[in-house]
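Numbering (the numbering used here), first residue to last: 35 to 306.
Notes follow the structure.
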């Protein structure tokens, strides 16, 4: 239970920062006394907690988007209404991760969880985030978001199926490369994650019932609750932070963590 609570705390702390929560859970699992991968199912289920934090934090936005999206079918709301369009853009942007998640499910749960891959992705996508933050014009708002951009955001989010990429880091990087403001890219990234994370989390929850796992449903549920509380606090911090500062500290952290992980793997301290 203590290990599960620690992992839940780390999940909530790292999910919304562009440093990859799945990478941290994967690494931490090797450092805890049990020294084992908590598994893709545990990661997906605890993400339900952090995604519930997104729903609470953006509750007004979500209710408005859903109501306007449905209203656009009846004519009560114009079809070109920004919130109605956002509803469609979230659906369109979710297609890549659903398709790729189903297509590469076995690899996601096995091959992609190698710590060699995790370390490499931490460094590579840390550099990509730094380049995006440096090169991006950061002038576009979400009112300028269109279908092609939504699909590109979606493919960037799908890369987060590989631990070390970071769901928020990948989608925010794409947004910055496309010229969106930091806060706008982060807001869409968080909203876009809702269908994918809830879908994956509840699928893994259903699949894990009756199957042997590292942590039982009670421990996983407790970790999910901790992830929710911590995640809610982190969202508030992060949205305020990026409106004023760059992503450089996260870039440096990712590169240092990835480099340290490569050293530990190369010296045999950790097993991939």
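We put the beta carbon where it would ideally sit given N, CA and C, even for glycine.
No experiment lies behind these values; they were computed from the predicted model shown.
In angstroms, rounded to a whole number, what distance separates the CA positions of residue i and residue j?
i           : j           : result
residue 113 : residue 84  : 31 angstroms
residue 230 : residue 78  : 10 angstroms
residue 59  : residue 176 : 32 angstroms
residue 268 : residue 51  : 8 angstroms
residue 218 : residue 117 : 14 angstroms
residue 214 : residue 205 : 11 angstroms
residue 300 : residue 37  : 26 angstroms
residue 166 : residue 220 : 13 angstroms
residue 270 : residue 200 : 19 angstroms
residue 75  : residue 235 : 8 angstroms
residue 56  : residue 115 : 36 angstroms
residue 181 : residue 227 : 16 angstroms
residue 303 : residue 288 : 20 angstroms
residue 73  : residue 196 : 13 angstroms
residue 139 : residue 151 : 16 angstroms
residue 278 : residue 99  : 27 angstroms
How far does the alpha helix (DSSP H) with residue i in it reach, from first residue to last?
i           : result
residue 143 : 139 to 143
residue 52  : Looking at the DSSP string, residue 52 is not in any alpha helix (DSSP H), and its letter there is neither H nor E.
residue 199 : Where residue 199 is concerned, there is no enclosing alpha helix (DSSP H), given that its DSSP letter is neither H nor E.
residue 169 : 149 to 169
residue 274 : 251 to 276
residue 306 : It is not in any alpha helix (DSSP H) - residue 306 carries neither H nor E in the DSSP assignment.
residue 106 : 93 to 108
residue 181 : 181 to 192
residue 288 : 282 to 300
Helix, strand or coil, according to DSSP, for residue i in the structure here?
i           : result
residue 174 : strand
Are there 16 or more other CB atoms within 10 angstroms of the CB of residue i, so buried, or fewer, so exposed?
i           : result
residue 93  : exposed
residue 266 : buried
residue 280 : exposed
residue 120 : buried
residue 103 : buried
residue 171 : exposed
residue 35  : exposed
residue 250 : exposed
residue 49  : buried
residue 290 : exposed
residue 110 : exposed
residue 295 : buried
residue 286 : exposed
Measure the beta-carbon distance from residue i to residue j and round it to whole angstroms, keeping in mind my assumption that it falls under 8 angstroms.
i           : j           : result
residue 186 : residue 54  : Contact doesn't hold; Cβ gap of about 20 angstroms is too wide.
residue 260 : residue 42  : 4 angstroms
residue 46  : residue 129 : Not a contact, Cβ separation roughly 28 angstroms.
At a threshold of 7 angstroms, does residue i count as lining the ligand ZN (C-beta to nearest heavy atom)?
i           : result
residue 211 : No copy of the ligand ZN appears in this structure; indeed no ligand is present at all.
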